[in-house]
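Enquirer: Before anything else, here's the structure in question.
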Amino acid sequence: MRSVTAVANPNIAFIKYWGNCEADARIPASGSISMNLGGLETRTTVTFNPELEGDTLNINGQEAEQAALERVGGFMNLVREMAGNKHFAMVESHNNFPMGAGIASSASAFAALALAATRAAGIDLDEGDLSRLARKGSGSACRSIPEGYVEWLADGCDPDSMAISIAPPKHWDLWDCIAIVHRGHKLVGSREGHDLAHTSPLQQARVSEAPQRLKICRKAILERDFEAFSDIVELDSHLMHAVMMTSSPRLFYWLPGTIAIMQAVSSWRQQGIPACYTIDAGPNVHVICEGEEKELVEARLRQIPGVIDVITAYPGEGTHLLI
Ligand code: PMV
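Residues 393 to 715, numbered by the working numbering, are exactly what the sequence shown covers, in order.
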């Protein structure tokens, strides 16, 4: 029995993925851009075992709940089909960051699982195919496969949609200072949220103008233009939350602490401190700045009432094997 361990980072989207053309295959309604979160990681070990009567899943040393096991089992079926392998597997996963803290643990989970499971099954996919496979576990997982700054290409509801690296981690010393205002699991997960996106009258406008925002964000990253980057990142986050708030039923993720951080970051920028924010499907705020400002931004965030912790991350590597 061969065990294979893979390591993946979660990622933070600067241009968001919200809504699918096709939900099951996770074909996104528009492209997105992200950065892998170095220092935060999921390590997953997969061992196929002919004696098992079903897949097993252990997360952070505990047997996983049925829903998580079923989701992983469905993904493992895809790998078994590709490999012509009928055996079940033992899947063990460890995160070094808190789950349910608004950091997309499903992205790093399915990126690491895609690599560990395919290699354990004896298949060696190229980066594009690995990204396509990870996408089927969790959409944003496809962006954790390539290194550094990543774009998920999604022209015209492409069924072969996958992510590519647009710049390596060393290209730009950006930091994500994640201000935690709430630690619980979100009430409505992103999976159900994607299905609601089309019920918002704003989604069509958000999607139709996505290519323009992707272009501006890509250029800002390639030119390390923090001002242009800040404007487009905040605009894109506001657009996604406007869609969420105007869906039926509506989704409202912000807490008072969320708004306090948004206002603080805006005022810091007016005072000349280059920092901007983006928010995923939860109340915690990802505050982005360059390395020079990281200590100051982190210290200031900790002083805001309602902030219970700050977790920091830098541009991360792509998903890789642990040898
Ligand atoms: O990959 P999912 O289904 O967890 O969706 C991620 C959705 C957001 O985090 C809100 C946005 C994004 O692009 O990561």
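The beta-carbon is built from N, C-alpha and C at its ideal position, and this holds for glycine as well.
Note that the structure is a prediction, hence the values are computed from the model and not measured.
Beta-carbon separation of Val702 and Leu693 under 8 Å?
Expert: Yes, the pair counts as a contact, with Cβ atoms nearer than the cut-off.
Enquirer: Do Ser498 and Ala526 have their beta-carbon atoms positioned less than 8 Å apart in this structure?
Expert: In this structure, Ser498 does not lie closer than 8 Å to Ala526 by Cβ.
Enquirer: Using the beta-carbon count (16 or more within 10 Å), is Lys686 buried or exposed?
Expert: Counting Cβ neighbours within 10 Å, Lys686 comes out buried, since at least 16 surround it.
Enquirer: Going by beta carbon distance, what residues of the same chain come within less than 6 Å of Val438, once the five residues before and after it are set aside?
Expert: Around Val438: Val396, Ala481, Val483, Ala508, Ala509 and Ala512.
Enquirer: Does the Cβ of His630 lie closer than 7 Å to at least one heavy atom of the ligand PMV?
Expert: No, since every heavy atom of the ligand PMV falls outside the 7 Å radius drawn around the Cβ of His630.
Enquirer: Would Leu449 and Val464 be called neighbours here (beta carbons separated by less than 8 Å)?
Expert: Yes, the Cβ-Cβ distance between Leu449 and Val464 is below 8 Å.
Enquirer: Could you tell me if the beta carbon of His590 falls within a distance shorter than 7 Å of some heavy atom in the ligand PMV?
Expert: Incorrect: His590 has no Cβ contact closer than 7 Å to the ligand PMV.
Enquirer: Counting Cβ pairs closer than 8 Å, one from the segment 643–651 and one from the segment 669–688, do we hit at least three?
Expert: At 8 Å Cβ cutoff, the stretches touch.
Enquirer: Cβ of His486 within 7 Å of any heavy atom in the ligand PMV?
Expert: No - the ligand PMV has no heavy atom lying nearer than 7 Å to the Cβ of His486.
Enquirer: Starting from Arg511 and walking both ways along the alpha helix (DSSP H), at which residues does that stretch end?
Expert: That run of the alpha helix (DSSP H) goes Ser497 to Ala512.
Enquirer: Could you tell me which uninterrupted beta strand (DSSP E) segments, each at least 3 residues in length, are contained entirely in the segment 512–591, listed from first to last along the chain?
Expert: Counting whole runs of 3 or more residues, the segment 512–591 contains the beta strand (DSSP E) stretches 541–544, 555–559 and 566–572.
Enquirer: Could you tell me whether any non-hydrogen atom of the ligand PMV is closer than 7 Å to the CB of Gly531?
Expert: Yes; taking the cut-off as 7 Å, the Cβ of Gly531 has a heavy atom of the ligand PMV nearer than that.
Enquirer: Could you pull out every residue in the same chain whose Cβ sits closer than 8 Å to the Cβ of Asp516, ignoring the five residues on either side in sequence?
Expert: Hits under 8 Å: Thr510.
Enquirer: According to DSSP, is Gln655 helix, strand or coil?
Expert: In the structure shown, Gln655 sits in a helix (DSSP, three-state: H, G or I).
Enquirer: Taking all protein chains shown into account, decide if Met393 is buried (16 or more other Cβ within 10 angstroms of its Cβ) or exposed.
Expert: Burial call: exposed.
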